[in-house]
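Engineer: Can you keep this structure in mind? I'll have questions shortly.
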Amino acid sequence: MVLAYVAYSVVVGQGSWTRQLPLLISLGLLYVLATSRASHGVATFAGDRMLGDLRTRLLKMGEIPALERGWHAERSFATAHGNAFAGDFNVTTRSRCGRSLEVVLADVSGKGQEAGTRALVLAGALGGVIGTTEPQHVLPMANEFLERDGWDEGFATAVHVCLDMATGEVLVASAGHPPAMHYDAGSGRWSALDEARGPALGFVAGATYPQSRAVLQRGDALLVYTDGIIESRVRDLDDGIDWMLGEAEARLREGFAGLTKRLVAGGRAGDEDDRAAVLIWRD
């Protein structure tokens, strides 16, 4: 299914098979591993190690490239209970002209190997469309993929960020994801970019995902994160967001570098859930 989807996206978006080759190889290895386990009825250390290697490849897909002068970005991840695989991941690309940066941060329901395997498949679908199609089509196409793939017992939330580094304009679309937070250096305040959000991926056929718009001026920042950062069994979401923004405020004098690591390490879910955060800021 994902192979067909990547092929479709390459044709529609005029993408490149070369760009998707490492992921396709990974998916092939994952399929071989699953087939081997099914036929032999055993789970070996080597198999678990391969899953860890695939997780490393998944993380590599989201590596943030060098940005234009004055722009910075970082990301951090932690898995529930130290599992090798997780449902949180990001996919990143920079346009060929170098002007724009696109990031998708996603959270696949569930934990452990099952969530991680689904994350790998969804990452393949997103990797086939991000940067090769218009930004407003990325989440609708991902939603269509999940419908076709038949995730009856699972879903995914995601946030898509498209930044124009020449103008500072940023477009944010959300699929049931916690709101992106925009820091305005002029006012010294954080605000949520949640004017409009679509449903989680895989829930509603033909769902639309409106884009919120902001402009990152000098000193501004944009923070996206997964629910493990702000959500816990004993605290509500507002409390989690207040904690997160309090941590961000405390970093202002030192600079934004290192904020995502701090948020992931202290995320409200603790070790009970995966945690992830991506931060983009401008000098």
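Under this note's numbering, the residue at position 149 of the sequence shown is numbered 1102, and the numbers go up by one with no gaps.
Even for Gly, the Cβ is constructed at its ideal location relative to N, Cα and C.
Predicted model, so just to flag it, every value in this text is computed and none were measured.
1. Measuring straight from C-alpha to C-alpha, what distance separates Gly1063 and Gly1107?
2. Residue ranges of each alpha helix (DSSP H) run of no fewer than 4 residues wholly in the region 1201–1232, ordered along the chain?
3. Note down the Cα distance separating Arg1015 from Asp1137, rounded to an integer number of angstroms.
4. Let me know the secondary structure DSSP gives Leu1096 once reduced to three states.
5. Is it true that the region 1063–1073 meets the region 1082–1091, where meeting means three or more beta-carbon pairs spaced less than 8 angstroms apart?
6. For a test of the three-state rule: what should DSSP assign to Trp1104, helix, strand or coil?
7. Among the residues of its own chain, which have a CB less than 7 angstroms from the CB of Leu1146, if the five just before and after it don't count?
8. Closest by CA to Leu1175, which one among Gly1080, Phe1042, His1025 and Gly1084?
9. Just to confirm, is the Cβ distance from Gly1139 to Gln1170 under 8 angstroms?
10. Going by DSSP, what residue range makes up the beta strand (DSSP E) through Ala1133?
11. In whole angstroms, what is the alpha-carbon distance linking Arg1101 and Glu1202?
12. So, does the region 1178–1188 touch the region 1219–1228, judging by three or more C-beta pairs under 8 angstroms?
13. Checking the sheet assignment: what are the DSSP bridge partners for Gln1164?
14. Look at the Cβ atom of Glu1055, then the Cβ atom of Cys1115, and state whether they are nearer than 8 angstroms.
15. With DSSP as the reference, label Ala1068 as helix, strand or coil.
Structural biologist: Looking at the coordinates:
1. Spanning the two alpha carbons is a distance of roughly 7 angstroms.
2. Within the region 1201–1232, the runs of alpha helix (DSSP H) at least 4 residues long that lie entirely inside it are, in chain order, 1212–1218.
3. According to the sequence provided, residue 1015 is Gly. The question's Arg does not apply to it. Cα to Cα, Gly1015 sits roughly 26 angstroms from Asp1137.
4. Looking at the sequence provided, one finds Asn at residue 1096 rather than Leu. Three-state DSSP puts Asn1096 in a helix.
5. Cβ pair count under 8 angstroms is below three, so no.
6. Coil at Trp1104, not helix or strand.
7. Within its own chain, the residues whose Cβ lies closer than 7 angstroms to the Cβ of Leu1146, once the five positions on either side in sequence are excluded, are Val1125, Pro1132, Ala1133, His1135, Ser1165 and Ala1167, listed in chain order.
8. Out of Gly1080, Phe1042, His1025 and Gly1084, the CA that lies nearest to the CA of Leu1175 is found in His1025.
9. Yes.
10. Boundaries of the beta strand (DSSP E) around Ala1133: Ala1133 to Asp1137.
11. Answer to the nearest angstrom: the Cα atoms are 43 angstroms apart.
12. Enough Cβ pairs lie closer than 8 angstroms, so yes.
13. Its beta-bridge partners are Ala1126.
14. In contact: Glu1055 and Cys1115 (Cβ atoms closer than 8 angstroms).
15. Looking at Ala1068 - three-state DSSP - the assignment turns out to be helix.
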